[in-house]
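Numbering (the UniProt record's numbering), first residue to last: 1 to 310.
The beta-carbon is built from N, C-alpha and C at its ideal position, and this holds for glycine as well.
Please read the structure below before turning to the comments.
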């Protein structure tokens, strides 16, 4: 018998709905206590939406974090008892803190070939004497030991405050391309999460990447994936962030998703424009560059975060 994959559902993530929820307080507390507040302009509402899905998942699932980079989803999931594998094109050796707390193992897939986008993401080597000195100091064993101790301390504090029992689960890092992951057998994972990463896959490769994700995630597996959408009739590329903003037609066409509810996308986008919390908490790095999702820190959301669930 052929296993049929249930249709994904998509919804434009309403910012006020997330901010007003108890789940938002939980996520905000995690980010603040663990020092992860300098994030993408909509990441906290995306992460709240993701948490609202995963909190109902059975603990102990094997979860793929698709394009997780150094993002917060993987760490939250591991702390909640999910075994996470982060696959990303740009991952350096995990710091001692991750190795100790999550038993993080690092692997570079033989199938991986560096792409132009991966090269853009690679951090440039330090060019000044001061920058090189800071990099050298950060490698000193005394410094890494202190950072590992502090990481344990702040995460243990967060766990105690939220009455979490048990221990964090395994977190592994794999350098690979989501379009081609032969190292994973079919149905390797029980679930997939992704925080604002799928939209950065070249549109010509998107179908291949989604097919590969569907191959390695079980047909009845859980999904909690966020990406970028648009109220416009056609998908378009947001140049500063190099991310595609998917139309509703392409959310159906590329992802095979159906609407989770009736929504008016232009009103959701307007709600982001008027969201004081997100505007007031915009990460500092936006003001330093014309790249990314909010060039030069000028508050003017151009696309709508979308959640894909199953």
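Handout entry: Under 7 Å between C-beta atoms of residue 15 and residue 45
Key = As a first step, residue 15 must be located in the chain shown, where it is residue number 15. As a first step, residue 45 must be located in the chain shown, where it is residue number 45. Taking 7 Å as the Cβ cut-off, residue 15 and residue 45 qualify as a contacting pair.
Problem - Per DSSP, cross-strand counterpart(s) of residue 311 - result: There is simply no residue 311 to check, as the chain begins at 1 and stops at 310 in what is shown.
Practice task
Please confirm whether residue 307 and residue 13 have their CB atoms less than 7 Å apart.
Solution key: The residue labelled residue 307 in the question sits at position 307 within the chain shown. The residue labelled residue 13 in the question sits at position 13 within the chain shown. Cβ distance < 7 Å, so residue 307 and residue 13 count as in contact.
Handout entry: Cβ-based burial, residue 223 [other Cβ within 10 Å; buried from 16]
Key = Your numbering for residue 223 matches position 223 in the chain shown. Buried is the call here.
Practice task
To the nearest angstrom, report how far apart residue 206 and residue 216 are at their CA atoms.
Solution key: Translated into the one-based positions of the chain shown, residue 206 becomes position 206. Translated into the one-based positions of the chain shown, residue 216 becomes position 216. Near 16 Å, if we compare the C-alpha coordinates of residue 216 and residue 206.
Practice task
Look at residue 74 and residue 84 and say whether their C-beta atoms are less than 7 Å apart.
Solution key: Taking the chain shown and counting its residues from 1, the one referred to as residue 74 is at position 74. Taking the chain shown and counting its residues from 1, the one referred to as residue 84 is at position 84. Yes, they are a contact pair.
Handout entry: Delimiting residues of the beta strand (DSSP E) encompassing residue 272
Key = By 1-based counting over the chain shown, the position of residue 272 is 272. Where residue 272 is concerned, there is no enclosing beta strand (DSSP E), although the alpha helix (DSSP H) it sits in stretches over 265–273.
Practice task
Apply the 10 Å Cβ neighbour rule to residue 261 and answer buried if 16 or more other Cβ atoms are within range, or exposed otherwise.
Solution key: Counted from its first residue, the chain shown places residue 261 at position 261. The residue is exposed, with fewer than 16 neighbouring Cβ atoms inside 10 Å.
Practice task
State buried or exposed for residue 52, treating a residue as buried only when at least 16 other CB atoms are found within 10 Å of its CB.
Solution key: The count along the chain shown starts at 1 and reaches residue 52 at position 52. The residue in question, residue 52, is buried, as its Cβ has 16 or more Cβ neighbours within 10 Å.
Practice task
Let me know the secondary structure DSSP gives residue 30 once reduced to three states.
Solution key: If you number the chain shown from 1, residue 30 lands on position 30. Residue 30: helix per DSSP, three-state reduction.
Handout entry: Chain-order list of residues whose beta-carbon lies under 6 Å from that of residue 19 (same chain, five-residue window excluded)
Key = The sequence position of residue 19 within the chain shown is 19, counting from 1. Same-chain partners within the cutoff: 277.
Practice task
Identify, in the order they occur along the chain, each residue of the same chain with its Cβ nearer than 8 Å to the Cβ of residue 226, setting aside the five sequence neighbours on each side.
Solution key: For the purposes of this step, residue 226 is taken as residue 226 along the chain shown, with counting starting at 1. Closer than 8 Å at Cβ, skipping near neighbours: 13, 46, 49, 50, 194, 195, 196, 305, 306, 307, 308.
Exercise for the section: Can you have a look at residue 186 and say buried or exposed, based on whether 16 or more other CB atoms are within 10 angstroms of its CB? Expected result: Stepping through the chain shown from its first residue, residue 186 is reached at position 186. Exposed, by the Cβ-count rule.
Practice task
Would you mind stating whether residue 96 and residue 144 have Cβ atoms separated by less than 7 Å?
Solution key: The count along the chain shown starts at 1 and reaches residue 96 at position 96. The count along the chain shown starts at 1 and reaches residue 144 at position 144. Contact: yes.
Handout entry: Local conformation of residue 213 per DSSP, three classes
Key = Along the chain shown, one-based indexing puts residue 213 at 213. Note: residue 213 maps to helix in three-state DSSP.
Exercise for the section: Leaving out five residues on either side along the sequence, give the residues of the same chain with a beta carbon under 7 Å from the beta carbon of residue 203. Expected result: Start at 1 with the first residue of the chain shown, and residue 203 comes out as number 203. Cβ neighbours of residue 203 beyond the five flanking positions: 244.
Exercise for the section: With distances taken Cα to Cα, identify the nearest neighbour of residue 43 among 34, 79, 27. Expected result: By 1-based counting over the chain shown, the position of residue 43 is 43. Ranking 34, 79, 27 by Cα distance to residue 43 puts 27 first.
Problem - 8 Å contact criterion, which residue 78 and residue 8 should meet: CB distance rounded - result: Along the chain shown, read from residue 1 onward, the residue named residue 78 stands at position 78. Along the chain shown, read from residue 1 onward, the residue named residue 8 stands at position 8. Wrong, their Cβ atoms sit about 24 Å apart, outside the cutoff.
Problem - Ranges of the beta strand (DSSP E) found wholly within the segment 218–273, counting only runs of at least 3 - result: 236–238, 243–245, 257–259
Practice task
Answer with buried or exposed for residue 24, where buried requires no fewer than 16 other C-beta atoms within 10 angstroms of its C-beta.
Solution key: Here residue 24 refers to the residue found at position 24 when the chain shown is read from its first residue. The residue is buried, with at least 16 neighbouring Cβ atoms inside 10 Å.
Problem - Three or more C-beta pairs below 8 Å linking the segment 271–288 and the segment 161–178 - result: no
Practice task
Locate the beta strand (DSSP E) running through residue 91, then write down its first and last residues.
Solution key: Taking the first residue of the chain shown as position 1, residue 91 is located at position 91. Unbroken run through residue 91: none, as it is neither H nor E.
Problem - Enclosing beta strand (DSSP E) for residue 66 [first to last residue] - result: Translated into the one-based positions of the chain shown, residue 66 becomes position 66. Residues 62–66.
Exercise for the section: Could you work out which residue in 81, 238, 256 is closest to residue 303 when comparing CA atoms only? Expected result: In the chain shown, counting from the first residue as 1, residue 303 sits at position 303. That would be 238, whose Cα lies nearest to the Cα of residue 303.
Problem - the segment 57–71 in contact with the segment 98–113 per 3-pair CB rule at 8 Å - result: no
Practice task
Please classify residue 114: is it buried, with 16 or more other beta-carbons within 10 angstroms of its beta-carbon, or exposed?
Solution key: Here residue 114 corresponds to residue number 114 of the chain shown, with the count starting at 1. Exposed.
Handout entry: residue 89 classed as buried or exposed, judged by whether at least 16 other C-beta atoms fall within 10 angstroms
Key = Start at 1 with the first residue of the chain shown, and residue 89 comes out as number 89. The residue in question, residue 89, is buried, as its Cβ has 16 or more Cβ neighbours within 10 Å.
Handout entry: Close Cβ partners of residue 35 (< 8 Å) along its chain, the five nearest in sequence each way excluded
Key = Position 35 of the chain shown, counting from 1, holds the residue named residue 35. Excluding sequence neighbours, residue 35 sits near 154.
Problem - When 200, 174, 156, 181 are compared against residue 240, the one with the closest alpha-carbon - result: In the chain shown, residue 240 corresponds to position 240, counting from 1. It is 200 whose Cα lies nearest to the Cα of residue 240.
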